[in-house]
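Okay, structure first, notes after.
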Amino acid sequence: MAPTLTSAGKDALDTLFGSLAQSGTLPAFIGGATTADGEIYFNAAGKKLVNDTSSGDVDPESVLWVCSMTKFLTHISALQLIENGKLSEETPVADILPQMKNPVLVDETFTRTPKVLGPVKTVIRVKHLLNFSSGLFYRVTPDFGTYQADEYGAVHDAKDPHTSFFDTLKGDLPGVPLKFEPGTDFVYGYSSDVLGFVVEKVTGKTLEQYMQEYIFKPLNVKASFYLTPDLKERNLPLSIRDGSGKLETWGNQSGYRMIPQEPSQVFCHFGGVGLYISLRDYLSILRHLLQINAGKADHPILKPETVKSLFVPTLTEEGAKNLDIMISLITPPGGEISGAMRYLCTLRIGLTVARRALLHGPAGQEPTFGLTQQQESQASSAFNLSASHLDWVILISAKHSIPSRRQFMLGWISSDVSTQIILLSIDDIVYNTRNLSWKPTNLFAPSMLRKLVGKERLDALMWNAIAGEGTIPGFVVGATTADGEIYLKSGGKNVVDDEASGDVDPNSVFWLCSCTKLVTHIAALQLIERSQLDAETAVSDILPQVTDPVLVNDIASTVPQVIWATKTTLRVKHLMNFSAGPFYAQTPDGGFAMNAVYTDEYSTENKDTEFFNILKGQLPGIPLRYEPGTSCASDILGFIVEKITNQTLDQYMKENIFKTLGIRASFYLTDDLKEKVLPIAYRRPTDGKLEPYTHNPNAKLWGNDPSKVACLGGCGLYMSIRDYLSLLRHILQILGGKASNPILRLETAQSLFVPQLTKDGEKNLNAFAELLGYPGEASWSNAFSVNTTDWPGRRKVKSGSWGGWLGTNYWIDPTTGVAGMMGVQLLCVTSGACDPNFINAYARFEETLYSSLD
Numbered sequence: 013m014a015p016t017l018t019s020a021g022k023d024a025l026d027t028l029f030g031s032l033a034q035s036g037t038l039p040a041f042i043g044g045a046t047t048a049d050g051e052i053y054f055n056a057a058g059k060k061l062v063n064d065t066s067s068g069d070v071d072p073e074s075v076l077w078v079c080s081m082t083k084f085l086t087h088i089s090a091l092q093l094i095e096n097g098k099l100s101e102e103t104p105v106a107d108i109l110p111q112m113k114n115p116v117l118v119d120e121t122f123t124r125t126p127k128v129l130g131p132v133k134t135v136i137r138v139k140h141l142l143n144f145s146s147g148l149f150y151r152v153t154p155d156f157g158t159y160q161a162d163e164y165g166a167v168h169d170a171k172d173p174h175t176s177f178f179d180t181l182k183g184d185l186p187g188v189p190l191k192f193e194p195g196t197d198f199v200y201g202y203s204s205d206v207l208g209f210v211v212e213k214v215t216g217k218t219l220e221q222y223m224q225e226y227i228f229k230p231l232n233v234k235a236s237f238y239l240t241p242d243l244k245e246r247n248l249p250l251s252i253r254d255g256s257g258k259l260e261t262w263g264n265q266s267g268y269r270m271i272p273q274e275p276s277q278v279f280c281h282f283g284g285v286g287l288y289i290s291l292r293d294y295l296s297i298l299r300h301l302l303q304i305n306a307g308k309a310d311h312p313i314l315k316p317e318t319v320k321s322l323f324v325p326t327l328t329e330e331g332a333k334n335l336d337i338m339i340s341l342i343t344p345p346g347g348e349i350s351g352a353m354r355y356l357c358t359l360r361i362g363l364t365v366a367r368r369a370l371l372h373g374p375a376g377q378e379p380t381f382g383l384t385q386q387q388e389s390q391a392s393s394a395f396n397l398s399a400s401h402l403d404w405v406i407l408i409s410a411k412h413s414i415p416s417r418r419q420f421m422l423g424w425i426s427s428d429v430s431t432q433i434i435l436l437s438i439d440d441i442v443y444n445t446r447n448l449s450w451k452p453t454n455l456f457a458p459s460m461l462r463k464l465v466g467k468e469r470l471d472a473l474m475w476n477a478i479a480g481e482g483t484i485p486g487f488v489v490g491a492t493t494a495d496g497e498i499y500l501k502s503g504g505k506n507v508v509d510d511e512a513s514g515d516v517d518p519n520s521v522f523w524l525c526s527c528t529k530l531v532t533h534i535a536a537l538q539l540i541e542r543s544q545l546d547a548e549t550a551v552s553d554i555l556p557q558v559t560d561p562v563l564v565n566d567i568a569s570t571v572p573q574v575i576w577a578t579k580t581t582l583r584v585k586h587l588m589n590f591s592a593g594p595f596y597a598q599t600p601d602g603g604f605a606m607n608a609v610y611t612d613e614y615s616t617e618n619k620d621t622e623f624f625n626i627l628k629g630q631l632p633g634i635p636l637r638y639e640p641g642t643s644c645a646s647d648i649l650g651f652i653v654e655k656i657t658n659q660t661l662d663q664y665m666k667e668n669i670f671k672t673l674g675i676r677a678s679f680y681l682t683d684d685l686k687e688k689v690l691p692i693a694y695r696r697p698t699d700g701k702l703e704p705y706t707h708n709p710n711a712k713l714w715g716n717d718p719s720k721v722a723c724l725g726g727c728g729l730y731m732s733i734r735d736y737l738s739l740l741r742h743i744l745q746i747l748g749g750k751a752s753n754p755i756l757r758l759e760t761a762q763s764l765f766v767p768q769l770t771k772d773g774e775k776n777l778n779a780f781a782e783l784l785g786y787p788g789e790a791s792w793s794n795a796f797s798v799n800t801t802d803w804p805g806r807r808k809v810k811s812g813s814w815g816g817w818l819g820t821n822y823w824i825d826p827t828t829g830v831a832g833m834m835g836v837q838l839l840c841v842t843s844g845a846c847d848p849n850f851i852n853a854y855a856r857f858e859e860t861l862y863s864s865l866d
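Written as structure tokens, this is what we have:
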């Protein structure tokens with residue numbers, strides 16, 4: 013049974029309409045509601061012309077330019093063709109519109125000359141137009157006062173309006189620009205307009221002719237893409253809100269270009285913005301759909317199953333997030349705002365400009381923005397924009413070109429025709445710390461702002477590191493909680509300074525180096541859980557090659573001097589917490605060389621014996637340093653796993669870790685992994701310049717012939733950053749009781765974060781950790797480094813972390829419930845450890861992430 017409106021409800025709506033009209037906060041308006049059984053409310057209020065009582069009351073039957081409400085009817089048209097078998101959701105758009113062949117990905121959405129990132133690899137299909145996952149976006153010219161001016165505002169060629177539109181859209185680009193690969197995300201843009209062109213090509217009719225015949229006439233609706241004399245007579249005049257918030261009648265005061273209105277100039281029928289219709293007639297269309305859904309429609313324009321499909325979500329998770337953000341920013345806060353502007357822009361566009369502007373801000377100043385609750389003495393419904401503790405600022409030029417004195421503003425969409433923006437000058441924010449206050453709606457919550465701005469701040473940070481500073485090579489960076497991935501970004505080229513090499517992919521494969529250690533320790537902990545191994549087990553009981561190790565005094569020498577034979581039994585627990593003593597050979601200049609145990613091509617079946625023979629060299633036993641830090645202890649632990657399970661470490665991890673978590677990783681650089689692996693970059697010691705790595709005889713790297721590789725648990729894995737984050741997420745899930753098929757017990761996962769070193773051990777670890785950029789003290793657990801204090805603005809105490817030699821660093825913070833990782837493939841032999849520029853970018857990523865978390 014359809015709902016009805018009570019008389020009290022009608023009275024309340026009438027009162028609302030009357031009060032809104034009296035308040036003067038809105039121009040003339042019309043509103044209504046319907047059920048499948050009929051209209052239940054309809055009303056209008058206000059004068060036709062703002063502040064002109066002689067213009068008369070607004071007519072409820074007035075015709076409005078409905079702008080983006082056109083999109084829905086265009087999509088209905090396409091769905092009708094799909095029902096009739098004349099079109100398919102899977103149809104490539106370029107098969108119908110050849111102008112859409114060979115689109116290109118671009119890096120910016122606000123400029124007429126964006127940088128082309130490369131060709132689009134995914135075929136754009138009709139389904140991508142239907143759900144706005146095509147990548148077609150609305151582009152804003154740099155003055156922000158001519159929103160969509162060229163595509164919509166131009167008088168297109170009468171003979172070939174489609175080509176005229178696409179030529180305008182492309183500009184000087186080699187193809188139609190897209191923001192992302194089709195089907196992967198959501199962006200509001202020209203999808204419906206292109207879909208309208210598809211309808212025209214398939215039917216041989218203009219979109220006007222098609223809709224008149226198959227939608228408007230069957231439903232007795234009067235609507236058109238042409239503002240004909242009869243519609244023009246009923247058309248409600250536009251109004252505009254000036255900079256002070258005052259309403260006035262539209263007279264093209266800002267130079268804002270509309271779509272052509274004269275019928276003789278309308279050659280492109282824009283399926284995204286072009287219709288004129290009364291709201292009463294639009295309600296008739298909505299009512300008809302309700303009737304189809306309820307089985308009450310006479311002569312339905314769509315089949316019931318098609319109507320039901322209108323309410324089925326089709327976006328990816330990332331697309332749904334971005335749509336949610338856009339919707340949450342549609343309604344601006346109530347009340348008057350100083351500096352309200354008439355420019356149309358989305359917050360995302362503003363942030364895009366901000367990325368670029370950060371490179372050219374005031375000397376020594378990085379503008380910031382934040383939203384914090386006011387003091388309790390103030391109204392609880394108000395929030396305060398305070399420059400004294402800001403985190404970010406959004407930059408948009410408030411003039412017709414980006415001026416030297418830039419303007420900062422926060423903006424949001426309120427409709428297709430008017431947008432309000434908070435406008436602040438850079439001087440006010442950076443130097444005078446001026447405050448502004450307003451009353452927010454429930455949609456404009458600080459958490460939503462932090463969610464959006466946080467992602468964009470991270471994007472800007474990473475974009476700056478690549479395009480602005482050029483301090484790191486191609487990268488992948490990401491963060492996760494137990495509930496899922498919250499950020500993932502890739503940037504840069506596969507090969508340094510080689511545009512033809514293509515962009516780094518979010519799923520690029522990395523040589524993890526020492527990030528392998530955590531996975532090996534997890535494997536050993538699984539065996540301990542199953543009672544197949546004990547932490548107190550003597551290593552020599554499993555690997556006799558480790559019997560009678562010796563203590564040495566000079567780790568920088570290729571032939572260190574033996575001090576004495578060790579007296580303490582080397583046990584599994586010593587390997588797990590790095591107090592065992594095996595060490596990486598260190599060159600006299602302080603750089604870490606790749607030891608022969610890693611670069612050797614293993615040819616025998618007994619790879620563990622070959623490993624220990626190389627490690628011993630001319631010494632009488634395995635050399636120990638008795639100093640924790642980075643070492644080959646994890647490699648020995650990996651051999652133990654192999655001996656106990658009678659499997660290679662690769663086989664064991666695939667079966668007991670990777671398969672369970674859906675991770676793709678291997679110790680062997682197979683052909684399929686080699687295709688995705690990120691090439692290594694090199695920082696020249698002479699000038700610090702980045703270049704592609706070619707074989708350096710002084711820095712022999714890892715042997716990668718799959719037939720000659722030992723599965724070394726300290727450094728041998730290849731994996732994507734995204735997959736490693738899946739492992740970290742799984743640990744968080746175990747800790748939170750959310751894991752399906754946990755690979756470790758809860759108590760074992762908790763033990764990962766318990767420090768195990770002595771005070772002397774911690775002192776030595778921290779001396780080494782300074783080279784990794786650790787800002788605070790740390791210890792070692794049974795798997796990774798654990799910080800023993802909070803790191804201000806970053807991870808909390810008892811967070812786990814470590815990193816790899818080529819720049820693959822991670823942390824996992826169980827207190828905050830977040831883990832993060834950043835990866836490059838960068839060889840830097842001059843710093844003694846990881847590349848300082850990478851460490852700096854990694855620290856800034858972590859700080860930015862934490863400042864953006866709810």
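In terms of the numbering used here, the sequence shown opens at residue 13 and continues consecutively.
Glycine is no exception: its CB is placed at the ideal position from the N, C-alpha and C atoms.
CB of residue i within 8 Å of CB of residue j, strictly
{"i": "G812", "j": "L764", "result": "yes"}
{"i": "Y294", "j": "V78", "result": "yes"}
{"i": "K467", "j": "G726", "result": "no"}
{"i": "I534", "j": "L756", "result": "yes"}
{"i": "P194", "j": "T134", "result": "yes"}
{"i": "L91", "j": "K213", "result": "no"}
{"i": "V521", "j": "F487", "result": "no"}
{"i": "I669", "j": "L545", "result": "no"}
{"i": "I733", "j": "G835", "result": "yes"}
{"i": "Y705", "j": "Y694", "result": "yes"}
{"i": "L744", "j": "P826", "result": "yes"}
{"i": "L838", "j": "H742", "result": "no"}
Nonlocal neighbours in the same chain, by C-beta distance under 8 Å from residue i, ignoring five residues either side
{"i": "L28", "result": "none"}
{"i": "A20", "result": "none"}
{"i": "C846", "result": "L783, L784, G785, G815, W817, G819, N821, C840"}
{"i": "P709", "result": "Residue placement at P709 cannot be trusted, given a pLDDT of 45 that sits under 50; what the coordinates show is reported in the next sentence. None."}
{"i": "P39", "result": "G58, V62, S251, L259"}
Nonlocal neighbours in the same chain, by C-beta distance under 7 Å from residue i, ignoring five residues either side
{"i": "M223", "result": "L85, S89"}
{"i": "Y443", "result": "Confidence at Y443 is low in this model, with a pLDDT of 23, below 50, so the placement of that residue is unreliable and no value is reported for it."}
{"i": "P15", "result": "T47"}
Sequence-distant residues of its chain with Cβ nearer than 6 Å to residue i (five each side left out)
{"i": "N305", "result": "V319"}
{"i": "V584", "result": "A547, T549"}
{"i": "D802", "result": "K808, V809"}
{"i": "L190", "result": "P115, L117, V132, G147"}
{"i": "S513", "result": "K505, N506, V507"}
Residues that residue i bridges to, as DSSP identifies them
{"i": "I824", "result": "G812, A831"}
{"i": "V766", "result": "Looking at the DSSP assignment, V766 forms no beta bridge with any residue, so it has no partner."}
{"i": "T47", "result": "G50"}
{"i": "S732", "result": "V521"}
{"i": "D293", "result": "Beta-bridge pairing links D293 to no other residue."}
{"i": "N55", "result": "G43"}
Span of the beta strand (DSSP E), counted from its first residue to its last, around residue i
{"i": "T261", "result": "259 to 261"}
{"i": "A491", "result": "487 to 493"}
Heavy atom of the ligand ATP within 7 Å of residue i beta-carbon
{"i": "V809", "result": "As presented, the structure is devoid of all ligands, the ligand ATP included, so that no description of it is given."}
Residue i - containing alpha helix (DSSP H), residue span
{"i": "S863", "result": "848 to 863"}
{"i": "P110", "result": "No alpha helix (DSSP H) holds P110; DSSP gives it neither H nor E."}
Do the stretch 138 to 153 and the stretch 316 to 333 touch if we need at least three Cβ pairs shorter than 8 Å?
yes
Per the contact definition of three or more C-beta pairs closer than 8 Å, is the stretch 847 to 855 in contact with the stretch 481 to 492?
yes
Given 8 Å, three or more beta-carbon pairs between the stretch 57 to 65 and the stretch 278 to 288:
Flag = no, the stretch 57 to 65 and the stretch 278 to 288 do not touch.
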